[in-house]
Amino acid sequence: MKLLIVFLASVLLLAVSYSPIYAVKILPQAKAGGKQVTSGTSGGGITVSPRLRADRRALLISFGNLQNANSVSYQLIYNANGQQEGAGGTISSSGNSASRELLFGTCSRDVCTYHKNITNMKFEVTYTASSGKKFLKRYRIKV
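Sequential numbering of the sequence shown, starting at 495, is according to the numbering used here.
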């Protein structure tokens with residue numbers, strides 16, 4: 495009987511430790527220079543490091559270990575003055591790392607208009623690992 499309990503406990507522990515990790519991070523409010531938050535999955539997944547730009551008008555994202563992914567896409571959504579805004583894109587895995595800067599506003603001919611009263615900001619990264627498994631990382635960002 496004891497052997498059966500030990501076996502079941504071992505199987506349960508193995509199943510819990512082998513499951514994919516879905517990261518949900520809340521970024522701290524940016525201080526001068528901002529802090530970097532890194533999140534990764536076990537088993538050689540990609541790393542995603544979002545942080546607010548020093549002036550708090552953009553989100554800077556660093557992606558790492560891209561050789562472990564077949565495809566990577568990202569999406570930023572937030573409300574500004576009661577209207578939903580956002581940005582998104584994809585990253586080709588032709589390198590080991592990449593970075594993106596997502597502005598909270600629009601720019602035309604080097605003149606930028608920034609959104610005000612930003613609330614409910616969410617950032618999501620979806621990627622397919624080389625093994626074929628799909629992963630989703632979600633972040634809530636306080637501006």
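Every residue, glycine too, gets a C-beta built ideally from N, C-alpha and C.
Starting from residue i, trace the beta strand (DSSP E) in both directions and tell me its first and last residue.
i: S567; result: A563 to A574
i: R547; result: Neither: R547 is in no beta strand (DSSP E) and is coded neither H nor E.
i: I612; result: I612 to A623
i: F629; result: K628 to I635
i: I540; result: Per DSSP, I540 belongs to no beta strand (DSSP E) and is neither H nor E.
i: R594; result: A592 to L597
In its own chain, which residues sit with a C-beta less than 8 Å from the C-beta of residue i, not counting the 5 before and 5 after it?
i: K610; result: A574 and N575
i: S625; result: none
When you compare the CB positions of residue i and residue j, do they come within less than 8 Å of one another, or not?
i: T600; j: S565; result: no
i: V637; j: R550; result: yes
Out of the options, which one is the CA nearest neighbour of residue i?
i: T584; options: T620, I635, L546 and K628; result: T620
i: N562; options: A581, S591, S602 and R634; result: S591
i: S567; options: R545, Q578 and I540; result: I540
i: R634; options: L570, R547 and A548; result: L570
i: Q577; options: R603, I612, S602 and V605; result: I612
i: R545; options: V605, R603, K616 and S602; result: K616
Which same chain residues, not among the five before or five after residue i, have their C-beta less than 7 Å away from its C-beta?
i: A552; result: E595, L596, L597 and F598
i: N614; result: Y572 and N573
i: T607; result: G599 and T600
i: L560; result: I540, V566, I585, S587, G589, N590, S591 and A592
Near residue i, which residues of its chain fall below 6 Å by C-beta distance, leaving aside the five closest residues on each side in sequence?
i: L554; result: R545, R547 and E595
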